[in-house]
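Working notes, structure below.
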Amino acid sequence: MAKELKQCSLEPAYIIEMFVTAANPVGEIANGSTFIHYEFSVGSMSTVDSYTGTHVEGQIVNAGDWMWIDPSKEHASVKVKGIVRTLNNASLYFSWTGHAFIDEDKSEPDQQGPGLPFGELTTLNRFEAGDPSLKELSSACFVGIGRYILRNGQIGVELGIARVVPLSEM
Numbered sequence: 016m017a018k019e020l021k022q023c024s025l026e027p028a029y030i031i032e033m034f035v036t037a038a039n040p041v042g043e044i045a046n047g048s049t050f051i052h053y054e055f056s057v058g059s060m061s062t063v064d065s066y067t068g069t070h071v072e073g074q075i076v077n078a079g080d081w082m083w084i085d086p087s088k089e090h091a092s093v094k095v096k097g098i099v100r101t102l103n104n105a106s107l108y109f110s111w112t113g114h115a116f117i118d119e120d121k122s123e124p125d126q127q128g129p130g131l132p133f134g135e136l137t138t139l140n141r142f143e144a145g146d147p148s149l150k151e152l153s154s155a156c157f158v159g160i161g162r163y164i165l166r167n168g169q170i171g172v173e174l175g176i177a178r179v180v181p182l183s184e185m
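Pasting the structure below:
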């Protein structure tokens, strides 16, 4: 018996751009993956102009990226956690888990260009907030696509985040 699968849609919501302030390579671990921890304390979170949900503008206070590059050097798993301080001085916790595709031909972002194409990094995103003005973010589902960038000599990540629009809202 065939079942129908309904599709939801995505609403572009936020952009996070942050830059590495320290890299802590751990090296090869037991499963053969290469483990690296990156620290971020420079960056921002902004709202896409057309987004109908809660607007957020703020600065990255601190974040970390735990990255495992598989032995084939073609894929990496990422786990990111961080804090944004909004312009209203509220704290917003963000996290994502994701998968990055590594292509040796495109492994170095172009210093002059915008960076690697979007989609090299795919994520499942989560937000937590205590401030009532940001509470809506804690109960929504978000996904992202991103890329690694190089700006003014700094390596970073740029992530476009979209809210998953439930069928009940369509």
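Residue numbers 16 to 185, in my numbering, belong to the letters of the sequence shown in order.
Beta carbons are placed, not taken as given, at the ideal position from N, Cα and C, and that holds for glycine.
Since this is a predicted model, take the numbers as computed values, not measurements.
L102 has its alpha-carbon roughly 35 Å from the corresponding atom of I117. Taking the C-beta atoms as reference points, G68 is found nearer than 8 Å to E151. For T69, no beta strand (DSSP E) encloses it, and the DSSP letter there is neither H nor E.
E19 sits in coil when the DSSP states are folded into three classes, being neither helix nor strand. DSSP, reduced to helix, strand and coil, places L136 within a strand of the structure shown. Beta-bridge partners of T36 (DSSP): none assigned.
Of the candidates G47, M60, G58, the residue whose Cα lies closest to the Cα of K88 is G47. Your pair V99 and L107 checks out as a contact, with CB atoms roughly 4 Å apart and the cut at 8 Å. In the displayed model, E151 falls within a helix according to three-state DSSP. With respect to V63, I31 sits apart: the two C-beta atoms are not nearer than 8 Å. Bounds of the beta strand (DSSP E) holding K96 are 90 to 101.
For the set I164, D80, L149, Y66, the Cα lying nearest the Cα of V179 is the one of Y66.
Taking all protein chains in view, the Cβ of V93 is crowded by 16 or more other Cβ atoms within 10 Å, so the residue is classified as buried.
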